[in-house]
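Residue numbering for the sequence shown follows my numbering, beginning at 1 and increasing consecutively. Backbone N, C-alpha and C fix where the C-beta goes; we use that ideal spot for every residue, glycine too. The next block holds one structure in the form of structure tokens; read it before the comments.
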Amino acid sequence: MKKWVLLALMAAYAPACLGAAPGKAANNLFAEREEVGGEKITISDAIRMALSDSYQIIDAQKTKEIYEQQLSQSRSGYYPSLSLDGSYSRALKKGKIIMGAQSIEIGQNNTYQAGLNASYVLWSGGQIRNSVNLAKVGAEQGLFNLRHVQDVVTKQVVGFCYDIIYAAALIRVQEEYLNIAKQHLDEAQAKYKQGLASSLDVLTQKVKVENIEPTVLQAQKNFELGNLYLRQILNRDPEDRIYLTWTQKDLELPQTPSLDELYNLAMEKRPELKLSKLAVDAAHYNVKIARSGHMPVLALNGNYTYNGVTDNGFPQHKQDYYWSSSAGVSLSVPLFEGFKVSSQVAQKELAYEQAVAAYQNKMKNVRIQVKEAWLNLEEARSRIEATKGVVEQARENLNSQMKRYRAGLTSQLEVNDAISNVNDSDLKYVQAVYDGAIALSDLKFAVGVEVNLYEKKN
1 MKKWVLLALM AAYAPACLGA APGKAANNLF AEREEVGGEK ITISDAIRMA LSDSYQIIDA
61 QKTKEIYEQQ LSQSRSGYYP SLSLDGSYSR ALKKGKIIMG AQSIEIGQNN TYQAGLNASY
121 VLWSGGQIRN SVNLAKVGAE QGLFNLRHVQ DVVTKQVVGF CYDIIYAAAL IRVQEEYLNI
181 AKQHLDEAQA KYKQGLASSL DVLTQKVKVE NIEPTVLQAQ KNFELGNLYL RQILNRDPED
241 RIYLTWTQKD LELPQTPSLD ELYNLAMEKR PELKLSKLAV DAAHYNVKIA RSGHMPVLAL
301 NGNYTYNGVT DNGFPQHKQD YYWSSSAGVS LSVPLFEGFK VSSQVAQKEL AYEQAVAAYQ
361 NKMKNVRIQV KEAWLNLEEA RSRIEATKGV VEQARENLNS QMKRYRAGLT SQLEVNDAIS
421 NVNDSDLKYV QAVYDGAIAL SDLKFAVGVE VNLYEKKN
């Protein structure tokens, strides 16, 4: 029950966790772009589409099916082997025997042979059993590799989606920055006509406006690039008119479980840990298979054979053909092969030790990834809290400075500083929200739960 509570906490986007809601100005920074058109998809829609259509998912699914077929192949060792063989040979020059001064031809021109052969391994030192166990591990690896690829694709899609949201917010920030700078330019020009401002003030403000315009174009390009990359991972044409839609809820951060709970969840859910543990199991079975090379092989075998010989044509008379059959047990005992098997066993044992060390290192690295993502999330949450109020304060300060400037009580430099402060506070707030969303995605990936939220329900 506790596990599902943790999953719910990671999956939920609880507005109450953020404390006080950001002000209207902060909220408006992340509003959708109204000018875009086409098919609108949510973040969840995009992930479901990717999990269905992405090339990476299709490739991993085929790999999983290959491993499953290899398991079926390995089980063939449990069954007897049957083969139907046949041959025909024509004597181009018959053999001879020498009797005194005479040479006599022997044999006949045509030889026919056909037979049914059967063999069944009774014991092979565990080679067949361990080969099947190894194939079972491979089938599980195919399953968890698919899960890992699903996690990776989900994380990539989430990253592209938040890149789009971030770019849209930057467009709005830079557009607002440009509009405010243009408004101040208009006021400076009006003051200049009234003789209340110098031409240098007007020129300075024109330069500021011109310096801001490229940042708007850059943000607009990044918005389109984000949508292009999203279409790519969804396996859609770059000209498909699909665009991301989002709400304020997509930007809210959930309450975070404790680190110990997150560690435990990662140990249970992270696909890479499962794959690393399965690699240990595979190495263990490879050692057993190698050791079976020291063991004898005991097998049953039998055959039922048709034999025929004629000088001309196919055998038609009883004296031209006969049937034979045999059955028996064979035993093969390896005595000495130049230490080949011993070397193979040593190699597999070293590979097993490597796999164990890799698994232990993976567990440590997963814990590091979990803590790193958790620290980033908590730091971003704190920055959101610290910056969202500054967004409102910077605007209030700008309004105050603009009123003082119109009344001749402050300089253009102070107004431009206030304009820059609005831009800086907006950028810091937008960056904090984006970093929080990415950190949340990183944390879900680190504990191996994010893909569970978006898979199609059967």
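Shown here, Q150 sits in a helix according to DSSP, grouped into three states.
Taken through DSSP and simplified to helix, strand or coil, Q194 comes out as coil. With fewer than 16 other beta carbons inside 10 angstroms of its own, A101 counts as exposed. Around Y405, the same chain offers V415 as residues with beta carbons nearer than 6 Å, after the five sequence neighbours per side are excluded.
Look at V309 here: in three-state DSSP terms it is strand. In the DSSP annotation of this structure, the continuous segment of the alpha helix (DSSP H) that includes M267 starts and ends at 259 to 269.
7 Å or more divides the Cβ of R129 from the Cβ of P271. If you draw a 10 Å sphere on the C-beta of N211, you find fewer than 16 other C-beta atoms in it, and that means exposed.
Of the residues Y321, A351, I384, the one whose Cα lies closest to the Cα of D281 is A351. Judged by DSSP in its simplified three-state form, R90 adopts strand. A432: member of the alpha helix (DSSP H) spanning 412 to 447, first to last residue. Contact check for A327 and S119: beta-carbon distance about 11 Å, past the 8 Å limit, so the pair fails to qualify. In the three-state reduction of the DSSP assignment, Q369 falls in the helix class.
Here M99 carries a strand assignment [DSSP, helix/strand/coil]. Of the candidates P334, N307, F314, N307 places its Cα closest to the Cα of Y321. Within 10 angstroms of the beta-carbon of F339 lie fewer than 16 other beta-carbons, which makes it exposed. Beyond the five residues adjoining it in sequence on each side, L275 comes within less than 8 Å, by CB distance, of Q141, F144, N145, H148 in the same chain, given in chain order. Your pair V173 and D426 checks out as a contact, with CB atoms roughly 4 Å apart and the cut at 8 Å.
Residue range 199 to 233 is occupied by the alpha helix (DSSP H) that includes V209.
Membership of T42 in any alpha helix (DSSP H) is not indicated, and neither H nor E is assigned to it by DSSP.
Under the three-state reduction of DSSP, V287 is assigned to helix.
Of the other Cβ atoms in all chains shown, fewer than 16 fall within 10 Å of the Cβ of Y79; this residue is therefore exposed. With respect to V370, A266 sits close: the two C-beta atoms are nearer than 7 Å.
By the criterion of a C-beta distance shorter than 7 Å, H184 is surrounded in its chain by Q205, V415, I419, once the five residues flanking it on both sides are discounted. Annotation for L331: the continuous beta strand (DSSP E) segment containing it runs 321 to 332.
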